[in-house]
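Undergrad: The structure is given below, and queries will be raised subsequently.
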Amino acid sequence: MPKSHPPQHPMSPPGGRAPARLEDRTTWLISRAFARSSGLLAAAFESSGRGLRGYHYRLLAALDESGPASQADLGRATGIDRSDVTAALSDLESHGLVERSVDPDHRRRKIVTITAPGAARLTELDAVVDAVQDRLLAPLTAAQRRQFLALLTKLLPADDAPPS
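Written out as structure tokens, the structure reads:
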């Protein structure tokens, strides 16, 4: 009589294998890599982010790169929903990492600026993200990492691709 195995969720086969027909499907592999990278990032921010998360990092990075911006522009630039941007900016503001001020040209709009402590925290978070990237890409050589990044970038719509 065959041994019975408890059912496993197909997206996370603990100790199991994915069905053979999925193993060479690019979409499956990308989703698994995404799940792994997301888990690594979440764990790293939990242990080393000093209360900040990935969405805080995205907001600080956008402000550092582009300068002061409206909350709506930050949401569009980072892919974060407008209501979530407001809550995340409140977190950052309470830590003194950003400042919000009323736009003199549009009284209902807030302009957000990264502070010096915010820029310093962003540098700390860069190290957290770099460590995760190194862990995720550890099986690849430096040349393979560059090639992998180039290939992934080609898969993005042109308006999502990072500047080259």
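Just so we're aligned: the sequence shown equals residues -5 to 158 in the numbering used here. Each residue gets a CB set at the ideal place from its N, CA and C atoms; glycine is no exception. Please read these numbers as outputs of a predicted model, since none were measured by experiment.
(1) Would you mind listing the beta strand (DSSP E) stretches within the stretch 40 to 111 that are 3+ residues and don't spill past its ends, in chain order?
(2) Taking contact to mean at least 3 C-beta pairs separated by less than 8 Å, is the stretch 29 to 37 in contact with the stretch 62 to 69?
(3) Within the same chain, show all residues whose beta-carbon is closer than 8 Å to that of Gly164, passing over the 5 residues directly before and after it, in chain order.
(4) Suppose contacts are defined by Cβ-Cβ distances below 8 Å. Is Val79 in contact with Arg94 by that definition?
(5) If you count every other CB in all the chains shown that lies within 10 Å of the CB of Leu86, and 16 or more means buried, which is it?
(6) Taking a contact to mean a Cβ-Cβ separation below 8 Å, would you say Asp58 touches Ile24 in this structure?
(7) What's the gap between the Cα of Ser64 and the Cα of Arg103?
(8) Excluding the five sequence neighbours on either side, which residues of its own chain have a C-beta within less than 6 Å of the C-beta of Ala12, listed in chain order?
(9) Got a sec, what are the start and stop residues for the alpha helix (DSSP H) Leu145 sits in?
(10) Looking at Pro111: is its Cβ nearer than 8 Å to the Cβ of Gly90?
(11) So, Ser42 versus Val123, is the Cβ gap smaller than 8 Å?
(12) Return yes when the Cβ of Tyr51 is within less than 8 Å of the Cβ of Leu119, no when it is not.
(13) Quick one, are the C-beta atoms of Arg115 and Leu54 less than 8 Å apart?
TA: This is what the structure holds:
(1) 92 to 97, 100 to 108
(2) no
(3) Residue numbering for the chain in the displayed model covers -5 to 158; residue 164 lies beyond these limits and cannot be assessed.
(4) no
(5) buried
(6) no
(7) 7 Å
(8) none
(9) 136 to 149
(10) yes
(11) no
(12) yes
(13) yes
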